[in-house]
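Residue numbers for the sequence shown follow my numbering, so the first one is 9 and each next one is one higher. Working notes, structure below.
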Amino acid sequence: MGLFSFVKEAGEKLFGGKDAHAATPPAAAGAAAPARPSQEDLNAKAGKAIEGYIAAQNLGVNDVKVQFDGSQGKVTVHGTAPTQAVKEKVTLCCGNVASVTGVDNQMSVTNPEPEAQYHDVVSGDTLSAIAKKFYGDANKYNAIFEANKPMLSDPNKIYPGQKLRIPPLSQ
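Pasting the structure below:
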């Protein structure tokens with residue numbers, strides 16, 4: 009499947025940023041400042057957050073392990089997916105997270121099938137326009153919406169920088 013690139017600033021805010029700093033209580037007057045977590049600790053916490061996000065999607069994957077390298081913004085994911093489509097959805101779960109720039113999906117697939125294409129959403133895109141581009145028919149937008157559920161909850165809520173699966177059309 010290879011390494012997939014993502015837009016670092018786009019996606020779910022699972023870790024880091026101002027929220028992480030706000031969660032740290034200020035040191036009491038005269039008390040020693042709390043030790044700053046190491047990069048290894050931060051990477052492990054981010055990996056667990058992404059694992060939790062994947063689990064929340066109820067995709068039916070097993071033994072998922074996520075490693076995050078914050079210095080490169082790279083996620084490596086291992087485990088077992090029941091289908092190629094689910095493996096691809098896991099890639100999107102990992103990559104459509106703020107601070108992630110690349111995903112190396114090393115998952116095995118129980119029932120292999122052809123890989124989907126991908127589309128990087130740009131300003132002004134709609135699922136209908138994307139369907140027209142890939143399928144020649146704007147009314148096939150629901151195939152793209154269904155292929156990206158549960159990460160997409162509404163066909164009208166896509167955002168620039170998001171990566172979408174474009175599955176082959178069933179005959």
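The beta-carbon is built from N, C-alpha and C at its ideal position, and this holds for glycine as well.
Cβ pair residue i, residue j closer than 8 Å
i, j, result
"glutamate 20", "asparagine 113", "no"
"alanine 139", "aspartate 133", "no"
"leucine 135", "lysine 97", "no"
"tyrosine 193", "leucine 177", "Because residue 193 is not part of the residues shown, which for the chain are 9 to 179, the question remains open."
"glutamine 180", "cysteine 101", "Because the chain here runs from 9 to 179, residue 180 falls outside it and cannot be looked at."
"lysine 16", "threonine 99", "no"
"valine 83", "valine 111", "yes"
"lysine 53", "phenylalanine 23", "yes"
"proline 163", "serine 131", "no"
"glycine 87", "valine 69", "yes"
"leucine 50", "glycine 78", "yes"
"alanine 106", "alanine 18", "yes"
Per DSSP, cross-strand counterpart(s) of residue i
i, result
"isoleucine 62", "None; isoleucine 62 has no bridge partner."
"tyrosine 126", "Arg173"
"phenylalanine 153", "According to DSSP, phenylalanine 153 bridges with nothing at all."
"glycine 110", "Ser13, Lys82"
"aspartate 77", "Lys82"
"serine 116", "Thr88"
"asparagine 70", "Thr88"
Three-state secondary structure assigned by DSSP to residue i
i, result
"glutamate 17", "coil"
"leucine 11", "strand"
"alanine 89", "strand"
"aspartate 49", "helix"
"valine 94", "helix"
"asparagine 104", "coil"
"asparagine 164", "coil"
"serine 135", "In the sequence as presented, serine is not what sits at residue 135; that position holds leucine. Of the three classes helix, strand and coil, the one that applies to leucine 135 here is helix, per DSSP."
"alanine 146", "helix"
"alanine 7", "Limits of the chain in this structure are 9 at one end and 179 at the other, which puts residue 7 out of reach."
Looking at C-beta atoms only, is the number of pairs between the segment 57 to 67 and the segment 42 to 49 that lie closer than 8 Å three or more?
no
Cβ pair count under 8 Å reaching 3, the segment 86 to 96 against the segment 115 to 122: yes
_Any contact between the segment 162 to 173 and the segment 123 to 130? By contact I mean 3 or more CB pairs, one from each, below 8 Å._
yes
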